[in-house]
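**Q** Residue numbers (the working numbering): 1 to 145. The beta carbon of each residue, even a glycine, is placed where N, CA and C say it ideally should be. For reference, the structure I am asking about is given below.
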Amino acid sequence: MYSEKVMDHFSNPRNVGEIQDASGVGTVGNAKCGDIMRMYLDITDDGVIQDCKFKTFGCGAAVATSSMATELVKGKTVQEALTVTNQAVMEALDGLPPVKVHCSLLAEEAIHAALWDYAEKQGITIDGLKKPKSDISEGEEEEDY
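Structure (structure tokens):
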């Protein structure tokens, strides 16, 4: 079963949409389950995420984790946003069923992909940021979703 917070973020997702001329845009997916997540960041000159939006094609858990991820990074510095993990997203949603944990991984990777795009556009390096996978199922053991 899903928590009340998951249901709320699925039924009333926050920050849905696109940001024109975004500072960074990241798109990730999971070929095994078909979820695709795109994250848009608007970052100020001093490195603060002033706006964050998403578009997600996927299940309710994918929408909920996208929504929560945008809430967790908004107002944070780039370095603080980098520390938002899939575990933090799951905890903020009061948990996810085990078969939906991959949705929180998508949210974390979407943030990293958008930060990567931002860093490339700015010609900077963000300490601790590794090039994200476009498909989070790369290198995973076979699982049934």
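1) Excluding the five sequence neighbours on either side, which residues of its own chain have a C-beta within less than 7 Å of the C-beta of glutamate 18, listed in chain order?
2) My output table needs one value for glycine 58: the three-state DSSP class, helix, strand or coil.
3) Would you mind stating whether alanine 88 and glycine 24 have Cβ atoms separated by less than 7 Å?
4) Okay, do the region 93 to 105 and the region 43 to 53 touch, 3+ Cβ pairs below 8 Å being the bar?
5) What residue ranges within the region 58 to 101 form continuous beta strand (DSSP E) runs of no fewer than 3 residues, ordered along the chain?
6) What is the DSSP secondary structure of isoleucine 146, reduced to helix, strand or coil?
7) Assuming isoleucine 136 and valine 28 make a contact with CB atoms under 8 Å, what is their CB distance in whole Å?
**A** For this structure:
1) As a first step, residue 18 must be located in the sequence shown, where it is residue number 18. Here the set comprises Tyr40, Lys53, Lys55.
2) As a working note, residue 58 is residue 58 in the sequence shown. If DSSP states are grouped into helix, strand and coil, glycine 58 belongs with coil.
3) Against the sequence shown, residue 88 aligns to sequence position 88. Against the sequence shown, residue 24 aligns to sequence position 24. Cβ distance not < 7 Å, so alanine 88 and glycine 24 don't count as in contact.
4) no
5) none
6) What is shown of the chain runs 1 to 145, which leaves residue 146 out entirely.
7) Numbered from 1 along the sequence shown, position 136 holds the residue referred to as residue 136. Numbered from 1 along the sequence shown, position 28 holds the residue referred to as residue 28. Yes, they are in contact, since the Cβ atoms of isoleucine 136 and valine 28 sit about 6 Å apart, within 8 Å.
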